[in-house]
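In what follows, a single structure is set out as C-alpha cells and then discussed.
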Amino acid sequence: MLIKGVGASPGAAIAHIYFIKQLDLSVQKQEGKDPKAETERYEKAKEQALKELDELFEKTAAADPAAAQVFDIHKMMLDDPDFCDGVEAALGAGLNAEYAVKSSADALADFLGSLENEVMRGRAADVRDVSGRLIRILKGIQESSEMPAEDVIVLAEDLLPSQTVKLDRSKVLGFVTKRGSVTSHSVILAKTMGIPCIVGVGEDFDQLPRSGEIAIDGKTGEVLVSPSDNERADFLRRVNIFMQMKEDLKKYRDVIAVTPNGRKVKVCANIGGVADADTATGFGADGIGLFRSEFLYLESTGFPSEEKQFEAYKSVLERLAPKPVVIRTLDLGSDKQAPYFDIPEEENPALGYRAIRICLKEPHIFRTQLRALLRASVYGKLQVMFPMITHLGQVLEIKNFVAEIKAELDAEGIPYSRDIEFGIMVETPAAAVMSDELAKEVDFFSIGTNDLTQYTMAADRMNAKIRDIFNPADPAVLRFIEMTAKNAHANGIWVGICGESAADTTLTDFFMSVGIDELSVSPASIPAVKKAVLSSKE
Ligand code: PEP
Ligand code: MG
Numbered sequence: 001m002l003i004k005g006v007g008a009s010p011g012a013a014i015a016h017i018y019f020i021k022q023l024d025l026s027v028q029k030q031e032g033k034d035p036k037a038e039t040e041r042y043e044k045a046k047e048q049a050l051k052e053l054d055e056l057f058e059k060t061a062a063a064d065p066a067a068a069q070v071f072d073i074h075k076m077m078l079d080d081p082d083f084c085d086g087v088e089a090a091l092g093a094g095l096n097a098e099y100a101v102k103s104s105a106d107a108l109a110d111f112l113g114s115l116e117n118e119v120m121r122g123r124a125a126d127v128r129d130v131s132g133r134l135i136r137i138l139k140g141i142q143e144s145s146e147m148p149a150e151d152v153i154v155l156a157e158d159l160l161p162s163q164t165v166k167l168d169r170s171k172v173l174g175f176v177t178k179r180g181s182v183t184s185h186s187v188i189l190a191k192t193m194g195i196p197c198i199v200g201v202g203e204d205f206d207q208l209p210r211s212g213e214i215a216i217d218g219k220t221g222e223v224l225v226s227p228s229d230n231e232r233a234d235f236l237r238r239v240n241i242f243m244q245m246k247e248d249l250k251k252y253r254d255v256i257a258v259t260p261n262g263r264k265v266k267v268c269a270n271i272g273g274v275a276d277a278d279t280a281t282g283f284g285a286d287g288i289g290l291f292r293s294e295f296l297y298l299e300s301t302g303f304p305s306e307e308k309q310f311e312a313y314k315s316v317l318e319r320l321a322p323k324p325v326v327i328r329t330l331d332l333g334s335d336k337q338a339p340y341f342d343i344p345e346e347e348n349p350a351l352g353y354r355a356i357r358i359c360l361k362e363p364h365i366f367r368t369q370l371r372a373l374l375r376a377s378v379y380g381k382l383q384v385m386f387p388m389i390t391h392l393g394q395v396l397e398i399k400n401f402v403a404e405i406k407a408e409l410d411a412e413g414i415p416y417s418r419d420i421e422f423g424i425m426v427e428t429p430a431a432a433v434m435s436d437e438l439a440k441e442v443d444f445f446s447i448g449t450n451d452l453t454q455y456t457m458a459a460d461r462m463n464a465k466i467r468d469i470f471n472p473a474d475p476a477v478l479r480f481i482e483m484t485a486k487n488a489h490a491n492g493i494w495v496g497i498c499g500e501s502a503a504d505t506t507l508t509d510f511f512m513s514v515g516i517d518e519l520s521v522s523p524a525s526i527p528a529v530k531k532a533v534l535s536s537k538e
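The sequence shown: position 92 = 92 (the working numbering), numbered continuously.
Following this line, the structure appears as C-alpha cells:
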C-alpha cells in the first residue's frame with residue numbers, strides 16, 4: 001500500500017511503527033449540573049494535571065532542561081486568565097466540567113489558530129494538548145504507552161508538543177502525521193535532527209496499520225506499507241543513499257571549514273530556543289549565528305520578564321562557551337505576531353511596524369531585553385544583533401540605549417562583559433546600499449537573505465505563487481551581498497549570512513568569492529555546508 005503526504009523534511013527510513021494513539025477525548029455537553037460539584041471535579045483534575053506536568057518537567061529536565069520548558073508553558077496555560085474565565089462561566093451555567101474545559105480551550109485555540117503567524121498557530125496545539133490532559137483526567141483515562149526500545153518511525157494524527165518532548169530522539173528515524181503543516185512541531189524537530197518527515201497525509205492516514213514495518217521518503221512524501229520485494233529494494237536503496245550521505249557528512253562535523261585558499265569560515269547554527277543549542281553543538285556548530293529571540297516572546301502568554309530572558313540567554317551562552325553566540329533582538333511583527341502584543345492590523349505588515357521599529361518606539365520592551373542580554377554576557381561570548389535596520393539614525397539611537405543600560409548596570413553594580421560585539425542584520429536594500437556608512441558604526445554584519453530577497457525582488461516570502469520571483473540567487477540579491485561584504489571588509493568588520501540561502505550549497509562558491517566570513521544554517525545542514533566550503537572555488 002502506497003500513500004502520499006507532504007514531504008516536509010528530506011531523507012528515507014524503514015523501521016517499525018510507533019503509533020501514538022489518539023485517546024478518546026470526545027466530550028458530551030451536559031446541562032443542569034451542580035456548579036459546586038463540577039467545580040470541585042475541575043479543581044481536582046487541575047491539581048492532578050499540575051502534578052503530572054511537574055513530574056514530566058523533572059523527568060525531562062534531567063536529560064534536556066531546555067526541552068522541559070514546554071511543560072512550564074502548559075502549566076502557565078492552565079492559569080491563563082481567558083481560559084480560566086471561560087471555564088468558570090461554563091461551570092457557573094451548570095455545564096459539566098469536561099465540556100467547560102473543552103469549550104474554553106477550543107475558543108482560545110481557535111483564536112490562536114486563526115492568526116497568520118505560523119508559530120502562534122503552533123501554540124494552538126499546546127492549548128489542545130494541555131486541555132486534553134485535563135479532559136483525560138476528568139474521564140479517568142490512562143496516558144498512552146511508553147516508547148519501545150527499538151528504532152521507530154512515529155505515526156500520529158498530529159504530534160503534540162508534550163509528546164514530542166517525551167520521545168527518545170536517538171530512536172526516532174522519521175515522522176508521519178495525519179494533519180500538521182510544514183511548520184508544525186514535528187517538522188521543526190525533524191529538520192533540526194536531520195531526519196525525514198511527512199505531514200498532511202489526510203484521510204488515508206486511517207488506513208495505516210498500528211504496528212509492523214513501514215518505509216518513508218521525506219522528499220517525495222511517500223509512505224509505503226507492506227512493500228513488495230521490488231518496492232522494498234527500491235526503498236532500501238534510498239535509505240542507503242540517505243544514510244551514506246549522513247555518514248559521509250559526519251566527518252565534516254568537527255572539521256574547521258577552510259577554503260582551498262586557506263581562509264577560515266565559521267559555520268554556525270540558527271536556533272529558535274535553548275533546546276536547540278545542544279543539537280547545534282552536536283552537528284559541529286562553530287557558534288550560534290542567529291538565535292531568533294522572538295521565539296521566547298511567541299512561546300509566552302505575556303511579555304517574557306527580564307529574568308526569564310536572562311535565564312534563556314545565559315543558558316545558551318554557557319552551553320556554547322567559548323564559542324560565540326549571536327542573539328538577535330526582538331523581531332516581532334509582520335509574520336510573527338504575539339496575541340498579547342496588540343499590533344493594530346496593517347495594510348502591509350512586512351513593510352510596517354516590526355522588529356527594531358517597535359523596539360525604538362516602545363523603549364520599555366527594548367530596555368528589558370537589553371538588560372537581560374548584557375547581564376547574561378558574562379557567561380559566554382555574546383554578539384548582539386539588531387534586525388530590520390534601514391538607516392544610520394537607528395544605529396545611533398540603539399547605541400544611546402546600550403550606553404544608558406550600561407550606565408544603569410554600572411550604577412547597580414551588576415557585571416557585564418566589556419567585549420560584547422554589536423552588529424546589524426543587512427536584510428533591507430536600504431541597509432545594503434548604505435553598508436559603507438553603517439559599517440563604520442557596528443562590529444559586524446549578518447545578511448538576512450530571506451528578507452533581503454523579499455524586499456529586493458518585491459516578492460512576499462510567504463506567497464507560494466511567486467516562488468520563482470522570490471529567488472535568493474537572483475543577480476540583484478547577489479549584487480547586494482557582494483556590495484555588503486566589500487563595505488564590511490573595507491571597514492575592518494566581519495560579515496556573515498544567516499538567511500536560508502546560507503545552506504544552499506550551489507551558492508557557496510559565490511559566497512566564498514565575495515569573502516563571506518560566516519554562514520549560519522539549521523543545525524542538521526552544518527556538515528554539508530562545511531563540506532561545500534572546503535571544496536569551494538573562491
Ligand atoms: C532573514 O530575513 O533572512 C532572517 C534570517 O530573518 P528571519 O527569517 O527571521 O526574518
Ligand atoms: Mg528577517
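The C-beta atom is built at its ideal place from N, Cα and C for all residues, glycine as well.
Cα separation between residue i and residue j?
i: glutamate 203; j: serine 131; result: 25 Å
i: glutamate 58; j: serine 315; result: 17 Å
i: threonine 456; j: phenylalanine 480; result: 9 Å
i: alanine 473; j: isoleucine 516; result: 15 Å
i: phenylalanine 205; j: lysine 178; result: 6 Å
i: aspartate 451; j: threonine 428; result: 7 Å
i: glutamine 22; j: aspartate 126; result: 15 Å
i: aspartate 79; j: lysine 36; result: 20 Å
i: serine 104; j: methionine 77; result: 12 Å
What I want to know is whether the C-beta of residue i ends up closer than 7 Å to one or more non-hydrogen atoms of ligand 2.
i: proline 387; result: yes
i: aspartate 229; result: no
i: aspartate 460; result: no
i: glutamate 538; result: no
i: glutamate 427; result: yes
i: aspartate 79; result: no
Sorry if obvious, but does the Cβ on residue i come closer than 7 Å to a heavy atom of ligand 1?
i: glycine 448; result: yes
i: glycine 287; result: no
i: arginine 121; result: no
i: leucine 95; result: no
i: glycine 221; result: no
i: arginine 357; result: no
i: cysteine 268; result: no
Using CA coordinates, which residue listed in the options is at the minimum distance from residue i?
i: leucine 392; options: Glu421, Lys406, Ile356, Ser417; result: Ile356
i: glutamate 482; options: Asn463, Asp509, Lys465; result: Asp509
i: leucine 373; options: Gly287, Leu438, Ile420, Asp410; result: Ile420
i: isoleucine 497; options: Ala215, Ala269, Ala403, Pro527; result: Ala269
i: valine 239; options: Val426, Arg467, Gly174, Gly492; result: Gly174
i: serine 334; options: Asn117, Arg41, Val70, Lys46; result: Asn117
i: glycine 94; options: Glu40, Leu112, Ile135, Ala124; result: Glu40
i: tryptophan 494; options: Val152, Glu222, Val265; result: Val265
i: phenylalanine 19; options: Arg169, Arg210, Ala190, Val378; result: Arg210
i: aspartate 34; options: Ala97, Val529, Val395; result: Ala97
i: valine 426; options: Tyr42, Ser525, Phe444, Val274; result: Phe444
i: leucine 351; options: Ile365, Lys308, Asp460, Glu311; result: Asp460
i: aspartate 254; options: Asp286, Val225, Ile271; result: Asp286
i: isoleucine 466; options: Ala476, Gln454, Val477, Pro344; result: Gln454
i: lysine 531; options: Gln48, Tyr252, Ile137; result: Tyr252
i: proline 196; options: Val477, Glu408, Gly11, Val384; result: Gly11
Under the DSSP definition of a beta bridge, which residues are partnered with residue i?
i: phenylalanine 57; result: Per DSSP, none; premise fails for phenylalanine 57.
i: phenylalanine 422; result: Val384
i: isoleucine 214; result: Ala15, Val225
i: threonine 177; result: Ala156
i: alanine 257; result: Val265
i: valine 6; result: Val199
i: phenylalanine 444; result: Gly423, Trp494
i: glutamate 518; result: Lys266, Gly496
i: leucine 290; result: Asn270
i: lysine 336; result: Gly333
Between the beta-carbon of residue i and the beta-carbon of residue j, is there less than 8 Å?
i: methionine 388; j: arginine 354; result: yes
i: leucine 108; j: aspartate 82; result: yes
i: glutamate 38; j: leucine 91; result: yes
i: alanine 430; j: alanine 488; result: no
i: phenylalanine 283; j: proline 523; result: yes
i: alanine 528; j: leucine 249; result: yes
i: glycine 7; j: threonine 192; result: no
i: isoleucine 288; j: isoleucine 214; result: no
i: leucine 519; j: valine 267; result: yes
i: valine 395; j: leucine 370; result: no
i: lysine 406; j: proline 324; result: no
i: arginine 136; j: leucine 25; result: yes
Please confirm whether residue i has its beta-carbon closer than 8 Å to some beta-carbon of chain B.
i: glycine 273; result: Of the protein chains in the structure, only one exists, and it is not chain B.
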